[in-house]
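Structure record follows, encoded as structure tokens.
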Ligand SMILES: [Fe+2]
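In this note's numbering, the protein residues as written are 3 to 246.
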């Protein structure tokens with residue numbers, strides 16, 4: 003089995019275990035590539051390593067019972083133990099299939115925090131750079147969509163959370179790069195500025211279509227959904243600001 007076939011096999015395993023987990027993986031892969039492009043990552047590395055690594059970051063969750071994955075209340079100590087093992091289980095699955103070590107690193111370290119308070123207590127620069135990107139993309143995606151226990155956060159709330167966790171959960175250099183790149187909604191709600199932000203997101207959609215050459219590519223669809231959510235969020239906040 004080639005690397006590409008092994009990656010696809012594992013992606014399909016995620017999809018058949020839980021379509022919701024597959025959608026989350028797509029959202030994280032899309033955001034990881036987008037962040038990678040803003041950080042100046044080479045497209046070849048992004049496509050060959052970051053993309054499959056991000057798609058498979060949660061593959062270890064196929065060993066976690068859905069009653070734990072989707073529990074709305076707090077997890078018991080035993081359940082938490084099971085949950086915490088998913089990065090190691092995932093990395094082991096990749097190792098068994100002889101997948102590239104860089105992919106294994108992304109999977110193994112995607113729950114690490116810059117301050118060393120993550121699952122494996124690896125800190126700072128010792129966390130592989132691509133795993134830092136996936137960790138940030140994972141957090142942004144998780145906050146941006148509805149969950150069983152809460153509604154999706156608005157883009158300005160997601161921005162506030164990433165700013166708050168700069169240097170603790172997330173690498174300062176990544177948080178700063180997002181500030182400089184125009185990734186976030188502007189501080190002012192001026193229409194022209196919002197328009198330029200949405201234009202960037204549309205450009206990313208166009209880039210994905212160009213790179214994958216297929217409108218039906220799952221990443222293209224993931225970015226379409228992201229764009230839809232952003233447009234809806236802005237329309238809602240514009241409506242809230244409008245005088246009665
Ligand atoms: Fe995870």
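We treat Cβ as the ideally placed atom computed from N, Cα and C, and that holds for glycine.
Check, Outcome
"Consult DSSP for residue 168 and reduce its assignment to one of helix, strand or coil.", "strand"
"Quick one: grab the DSSP three-state call for residue 115.", "coil"
"Could you give the distance in angstroms between the alpha-carbon of residue 7 and the alpha-carbon of residue 27?", "18 Å"
"At a cut-off of 8 Å, is residue 89 close to ligand 2 when judged by its beta-carbon and the heavy atoms of the ligand?", "Of the ligands this structure carries, namely ligand 1, none is ligand 2."
"Once DSSP output is grouped into helix, strand and coil, what is the label at residue 182?", "helix"
"Need the endpoints of the alpha helix (DSSP H) that residue 29 sits in, please.", "21-40"
"Pick out whichever of 219, 183, 235 has its Cα sitting closest to the Cα of residue 42.", "183"
"Say yes only if the C-beta of residue 143 is nearer than 8 Å to one or more non-hydrogen atoms of ligand 1, and no if none qualify.", "no"
"Starting from the Cα of residue 52, find the closest Cα among 152, 163, 135 and give me that residue.", "135"
"Are the stretch 149-157 and the stretch 123-140 touching by the rule of at least three beta carbon pairs closer than 8 Å?", "no"
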